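*Asks:*
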Amino acid sequence: MQIVVVLGVLNAPLILAALLIWLERRFLALLQDRYGPNRVGPLGLGIVLADMIKIFTKEDWIPPFADRAVFILAPAVIVVTGLMSVAVIPITETIGVTDLNIGLLFFLAMSSMGVYSVVLAGWASNNKYALLGGLRASAQMVSYEVFMGLSLMGVVLLAGSFSLREIVEAQRDVWFIVPQFLGFAIFFIAGLAETHRLPFDLPEAEAELVAGFHSEYSGMKFGMFFVGEYVGVTVVSAMIVTLFFGGWMGPVLPGIVWFGLKLLFFILVFITLRASLPRPRFDQLMAFGWKVLLPLSLLNLVVTAGVLLLLKT
Amino acid sequence: MLSMLRTIWTVFLHLFRRPVTVQYPEEKPYLPPRYRGRIILSRDPDGDERCVGCYLCSAACPVDCIALQAGEREDGRRYPEWFRINFSRCIFCGLCEEACPTYAIQLTPDFELCDFDRQSLVYEKKDLLIDGTGKYPGYNFYRVAGLAISGKDKGASENEDKPVDVKSLLP
Numbered sequence: 000m001q002i003v004v005v006l007g008v009l010n011a012p013l014i015l016a017a018l019l020i021w022l023e024r025r026f027l028a029l030l031q032d033r034y035g036p037n038r039v040g041p042l043g044l045g046i047v048l049a050d051m052i053k054i055f056t057k058e059d060w061i062p063p064f065a066d067r068a069v070f071i072l073a074p075a076v077i078v079v080t081g082l083m084s085v086a087v088i089p090i091t092e093t094i095g096v097t098d099l100n101i102g103l104l105f106f107l108a109m110s111s112m113g114v115y116s117v118v119l120a121g122w123a124s125n126n127k128y129a130l131l132g133g134l135r136a137s138a139q140m141v142s143y144e145v146f147m148g149l150s151l152m153g154v155v156l157l158a159g160s161f162s163l164r165e166i167v168e169a170q171r172d173v174w175f176i177v178p179q180f181l182g183f184a185i186f187f188i189a190g191l192a193e194t195h196r197l198p199f200d201l202p203e204a205e206a207e208l209v210a211g212f213h214s215e216y217s218g219m220k221f222g223m224f225f226v227g228e229y230v231g232v233t234v235v236s237a238m239i240v241t242l243f244f245g246g247w248m249g250p251v252l253p254g255i256v257w258f259g260l261k262l263l264f265f266i267l268v269f270i271t272l273r274a275s276l277p278r279p280r281f282d283q284l285m286a287f288g289w290k291v292l293l294p295l296s297l298l299n300l301v302v303t304a305g306v307l308l309l310l311k312t
Numbered sequence: 000m001l002s003m004l005r006t007i008w009t010v011f012l013h014l015f016r017r018p019v020t021v022q023y024p025e026e027k028p029y030l031p032p033r034y035r036g037r038i039i040l041s042r043d044p045d046g047d048e049r050c051v052g053c054y055l056c057s058a059a060c061p062v063d064c065i066a067l068q069a070g071e072r073e074d075g076r077r078y079p080e081w082f083r084i085n086f087s088r089c090i091f092c093g094l095c096e097e098a099c100p101t102y103a104i105q106l107t108p109d110f111e112l113c114d115f116d117r118q119s120l121v122y123e124k125k126d127l128l129i130d131g132t133g134k135y136p137g138y139n140f141y142r143v144a145g146l147a148i149s150g151k152d153k154g155a156s157e158n159e160d161k162p163v164d165v166k167s168l169l170p
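Residue numbers (numbering that gives the first Met the number 0), protein chains in the order written: chain A, 0 to 312; chain E, 0 to 170.
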């Protein structure tokens, strides 16, 4: 039984990633007063299949000047770390791969590991644009990592546990979005930067850097970066749902439906942000991170801890 | 910060707008009558060819895609013996239409000219000539021009006075 759950939970993000290609293109198109891909199959869903056939049959080329081993390793890392984070997410009371007592730390560790993928890809490509993208990615992700963790400490304080399942259980009365709104906002922005989605897609920044760290990639290796990005979006959305919106909790409908609906909502929010916000300059991004979000998350942590202490005494 | 939230909200509201996309093969876009598409040769209201073979279109064409050979009928009317437009070269600039003194060559709103074979984009006179008058229904060049053809002497055109007999002294 457990093996079915494990396989299901690990395959779901991959299938979801493929469907997200379609969802993102359709939803983005609707936001921009277009239709998006609506020709292949019902609602244009066949585009998923077509895209997969295309990306699997494309020439898989490794540039002769690239660092071969690292070049191949890099796209695998982002998918592996993404899927590893999925393992700790409790989907319902019963469904979930594992329930680590340090689940939250595990998630943060895995998302930090994801940086390696981008940095190594930029490095191994041996191309100046790729390297610039990799450099940006490392600076951006390392600095946003700091208060991504800090912003979640408020939740940990309230729940009294690092286990994601216990954090969800602690939200039975009130979702943590209410007492931890600031923490949610910071985590959301950091999560956006962590998955390097627009508006924080400076590592790719196709207007300036060709395609950033994956300039030299083609075929399924390029596809892996996209799968990794979509798995990242799914994971960050799932974490937001788990940490701030009560996970599977909800009236009437079964837990898995609630989890799916909340997950879908945040994925759509991610896409809406992509459609609406411009990309900041890199120094603006760093300044915003260190000068605004870091103090805010520290403040959030101190105030939450202080209030909890006051209530206890 | 506030402007960003407003932007997101505005973009979100666009979700409920009708897409502006025209779903082309099923849904045809409206094209104005003077749209510059496929070139045709029109006829005058009496059903004769308007083209008088003056070569002005061919001369005006910036990509030299028009070729023709003028001929003359027994009644004195000029006409093109053959007329050829290479649509794989044509840039649909409309200069031929502007140059044409008889409204013979006209551009139509038809733009669906795709073909798999380059040779079949070379249109001959039989492909170009239509049975109607195109955009100028009443116009007939030989009725308004002072040129004499058989069946119409000098001075017989519309709004044309009889020629002055310069050899007579009487007013």
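For each residue, glycine too, the CB sits at the ideal point set by N, CA and C. As the structure is a prediction and not an experimental result, all values here were calculated from the model.
Could one say the Cβ of leucine 1 of chain E lies closer than 9 Å to chain A's Cβ atoms, at least one of them?
*Replies:* By 1-based counting over the second sequence, the position of residue 1 of chain E is 2. By this cut-off, leucine 1 of chain E is not an interface position.
*Asks:* Please classify threonine 56 of chain A as buried or exposed, where buried requires at least 16 other C-beta atoms within 10 Å of its C-beta.
*Replies:* Counting from one through the first sequence, the residue named residue 56 of chain A turns up at place 57. Classification of threonine 56 of chain A: exposed, given that the 10 Å Cβ count is below 16.
*Asks:* Contact between the stretch 113 to 122 of chain A and the stretch 263 to 270 of chain A is defined here as three or more beta-carbon pairs at a separation below 8 Å; is this criterion met?
*Replies:* No, because fewer than three Cβ pairs between the stretch 113 to 122 of chain A and the stretch 263 to 270 of chain A fall closer than 8 Å, the two stretches do not touch.
*Asks:* Is tryptophan 247 of chain A closer than 9 Å to threonine 91 of chain A when the C-beta atoms are compared?
*Replies:* Along the first sequence, one-based indexing puts residue 91 of chain A at 92. Along the first sequence, one-based indexing puts residue 247 of chain A at 248. Yes, Cβ-Cβ distance for threonine 91 of chain A and tryptophan 247 of chain A is below 9 Å.
*Asks:* Counting contacts by CB-CB distance shorter than 9 Å, is isoleucine 22 of chain E in contact with chain A?
*Replies:* Sequence index remark: in the second sequence, residue 22 of chain E carries index 23 (1-based). Residue 22 of chain E is actually glutamine in this sequence, not isoleucine. Yes - at least one Cβ of chain A is within 9 Å of the one on glutamine 22 of chain E.
*Asks:* Expressed to the nearest angstrom, what Euclidean distance is found between the alpha-carbon atoms of threonine 328 of chain A and valine 306 of chain A?
*Replies:* An answer regarding residue 328 of chain A cannot be provided, because it is not within the stretch 0 to 312 covered by chain A.
*Asks:* Could you tell me which residues DSSP puts in a beta bridge with asparagine 85 of chain E?
*Replies:* Within the second sequence, residue 85 of chain E is the residue found at index 86, counting from 1. Note: asparagine 85 of chain E sits in a beta bridge opposite E:Val121.
*Asks:* Beta carbon of methionine 0 of chain E, beta carbon of leucine 276 of chain A: below 9 Å?
*Replies:* For the purposes of this step, residue 0 of chain E is identified with residue 1 of the second sequence, where counting begins at 1. For the purposes of this step, residue 276 of chain A is identified with residue 277 of the first sequence, where counting begins at 1. Result no, Cβ atoms of methionine 0 of chain E and leucine 276 of chain A do not sit closer than 9 Å.
*Asks:* Would you list, in chain order, the members of the stretch 266 to 299 of chain A that have their beta-carbon closer than 8 Å to a beta-carbon of chain E?
*Replies:* Within the stretch 266 to 299 of chain A, the qualifying residues are Thr271, Leu272, Ala274, Ser275 and Leu276.
*Asks:* Does the beta-carbon distance from cysteine 99 of chain E to cysteine 60 of chain E come in below 9 Å?
*Replies:* For the purposes of this step, residue 99 of chain E is identified with residue 100 of the second sequence, where counting begins at 1. For the purposes of this step, residue 60 of chain E is identified with residue 61 of the second sequence, where counting begins at 1. No, these two residues do not count as a Cβ contact at 9 Å.
*Asks:* In chain E, which residues lie with their C-beta within 9 Å of the C-beta of tyrosine 34 of chain A?
*Replies:* Here residue 34 of chain A corresponds to residue number 35 of the first sequence, with the count starting at 1. By Cβ distance, chain E contributes Pro18, Thr20 and Gln22.
*Asks:* 9 Å is my cut-off, CB to CB: does glutamine 31 of chain A come that close to chain E?
*Replies:* Residue 31 of chain A sits at position 32 when you count from the first residue of the first sequence. Yes, glutamine 31 of chain A lies at the interface with chain E (some Cβ there is under 9 Å from its Cβ).
*Asks:* For a quick check, are the C-beta atoms of valine 21 of chain E and leucine 30 of chain A less than 9 Å apart?
*Replies:* The count along the second sequence starts at 1 and reaches residue 21 of chain E at position 22. The count along the first sequence starts at 1 and reaches residue 30 of chain A at position 31. Result no, Cβ atoms of valine 21 of chain E and leucine 30 of chain A do not sit closer than 9 Å.
*Asks:* Reducing DSSP to helix, strand and coil, say where glycine 145 of chain E ends up.
*Replies:* Taking the first residue of the second sequence as position 1, residue 145 of chain E is located at position 146. DSSP places glycine 145 of chain E in coil when its eight states are reduced to three.
*Asks:* Between threonine 6 of chain E and chain A, is the shortest Cβ-Cβ distance under 9 Å, so that the two count as touching?
*Replies:* The count along the second sequence starts at 1 and reaches residue 6 of chain E at position 7. Yes, contact with chain A.
*Asks:* Thinking C-alpha only, which one of A:Arg273, A:Val235, A:Leu181 and A:Thr271 is nearest serine 84 of chain A?
*Replies:* Translated into positions along the first sequence, residue 84 of chain A becomes position 85. For the residues A:Arg273, A:Val235, A:Leu181 and A:Thr271, the minimum Cα distance to serine 84 of chain A belongs to A:Val235.
*Asks:* List, in order along the chain, the chain A residues whose C-beta lies closer than 7 Å to that of histidine 10 of chain E?
*Replies:* Indexing the second sequence from 1 puts residue 10 of chain E at position 11. With the sequence shown as reference, residue 10 of chain E is identified as valine, and histidine is not the correct amino acid for it. Residues of chain A passing the Cβ test: Leu30, Thr271, Ala274 and Ser275.
*Asks:* Nearest chain A C-beta to leucine 14 of chain E closer than 9 Å, yes or no?
*Replies:* Taking the first residue of the second sequence as 1, we reach residue 14 of chain E at position 15. Answer yes: the Cβ-Cβ gap between leucine 14 of chain E and chain A drops below 9 Å somewhere.
*Asks:* Output yes or no for whether 9 Å exceeds the beta carbon distance between tryptophan 21 of chain A and isoleucine 46 of chain A.
*Replies:* Along the first sequence, read from residue 1 onward, the residue named residue 21 of chain A stands at position 22. Along the first sequence, read from residue 1 onward, the residue named residue 46 of chain A stands at position 47. Their beta carbons are under 9 Å apart, which means tryptophan 21 of chain A touches isoleucine 46 of chain A by this criterion.
*Asks:* Quick check on this structure: which residue in A:Leu131, A:Tyr229 and A:Ala129 has the alpha carbon closest to the alpha carbon of valine 78 of chain A?
*Replies:* Your numbering for residue 78 of chain A matches position 79 in the first sequence. Considering only alpha carbons, the answer is A:Tyr229.
*Asks:* Look at the alpha carbon of phenylalanine 269 of chain A and the alpha carbon of glycine 227 of chain A, and state the distance between them as a whole number of angstroms.
*Replies:* Walking along the first sequence from the start, residue 269 of chain A turns up at place 270. Walking along the first sequence from the start, residue 227 of chain A turns up at place 228. Looking at the two C-alpha atoms, the distance is approximately 15 Å.
*Asks:* For tyrosine 141 of chain E, count neighbouring Cβ atoms within 10 angstroms of its own Cβ and tell me buried if that reaches 16, exposed if not.
*Replies:* As a first step, residue 141 of chain E must be located in the second sequence, where it is residue number 142. Under this definition tyrosine 141 of chain E is a buried residue.
*Asks:* Quick one: what does DSSP say glutamine 283 of chain A is sitting in, helix, strand or coil?
*Replies:* Counted from its first residue, the first sequence places residue 283 of chain A at position 284. Three-state result, glutamine 283 of chain A: helix.
*Asks:* So, at 8 Å on beta carbons, what are the nonlocal neighbours of methionine 285 of chain A in its own chain, with the 5 sequence-adjacent residues on each side left out?
*Replies:* Residue 285 of chain A sits at position 286 when you count from the first residue of the first sequence. Once the five neighbours on either side are set aside, the close Cβ partners of methionine 285 of chain A are Ala138, Gln139 and Ser142.
*Asks:* Excluding the 5 residues flanking alanine 274 of chain A on each side, which residues of the same chain have their C-beta closer than 7 Å to its C-beta?
*Replies:* For the purposes of this step, residue 274 of chain A is taken as residue 275 along the first sequence, with counting starting at 1. Correct list, in chain order: Leu27, Leu30 and Gln31.
*Asks:* Indicate whether the contact test is met: 3 or more Cβ pairs, each with one atom in the stretch 130 to 140 of chain E and one in the stretch 33 to 47 of chain E, closer than 8 Å.
*Replies:* The stretch 130 to 140 of chain E vs the stretch 33 to 47 of chain E: in contact.
*Asks:* Under a Cβ-count criterion, where at least 16 other Cβ atoms within 10 Å of its own Cβ denotes burial, should phenylalanine 110 of chain E be classed as buried or exposed?
*Replies:* Looking up residue 110 of chain E in the second sequence gives position 111. Exposed.
*Asks:* Does DSSP classify alanine 169 of chain A as helix, strand or coil?
*Replies:* In the first sequence, the residue the question calls residue 169 of chain A occupies position 170. In this structure, alanine 169 of chain A counts as coil in the three-state DSSP scheme.
*Asks:* Kindly indicate which residue of A:Ser150, A:Glu165, A:Arg171 and A:Phe183 has the alpha-carbon position closest to the one of isoleucine 101 of chain A.
*Replies:* For the purposes of this step, residue 101 of chain A is identified with residue 102 of the first sequence, where counting begins at 1. Answer by Cα proximity: A:Glu165.
*Asks:* In or out: serine 296 of chain A buried (at least 16 other Cβ within 10 Å) or exposed?
*Replies:* Residue mapping note: residue 296 of chain A aligns to position 297 of the first sequence, counting from 1. That one is buried.
*Asks:* Between the Cα of threonine 303 of chain A and those of A:Met112, A:Ala158, A:Val8 and A:Ala108, spot the shortest distance and give me the residue it belongs to.
*Replies:* Numbered from 1 along the first sequence, position 304 holds the residue referred to as residue 303 of chain A. Comparing Cα-Cα distances from threonine 303 of chain A to each of A:Met112, A:Ala158, A:Val8 and A:Ala108, the minimum goes to A:Ala158.
*Asks:* Do valine 167 of chain A and threonine 339 of chain A come within 9 Å of each other at the CB atom, strictly closer than that value?
*Replies:* Look at the range of chain A in this structure, 0 to 312, and you will see that residue 339 of chain A is not part of it.
*Asks:* For a minimum of 3 consecutive residues, which ranges assigned as the beta strand (DSSP E) are wholly contained in the stretch 7 to 87 of chain E?
*Replies:* Taking only runs of at least 3 residues, the beta strand (DSSP E) segments lying wholly in the stretch 7 to 87 of chain E are 38 to 40, 65 to 71 and 77 to 85.
*Asks:* Check leucine 128 of chain E in the structure and name its three-state DSSP category.
*Replies:* Residue mapping note: residue 128 of chain E aligns to position 129 of the second sequence, counting from 1. Leucine 128 of chain E: strand per DSSP, three-state reduction.
*Asks:* Let me know if glutamate 71 of chain E comes out buried or exposed under the rule of 16 or more other beta-carbons within 10 Å of its beta-carbon.
*Replies:* Reading the second sequence from its first residue, position 72 is the one you call residue 71 of chain E. Classification for glutamate 71 of chain E: exposed.
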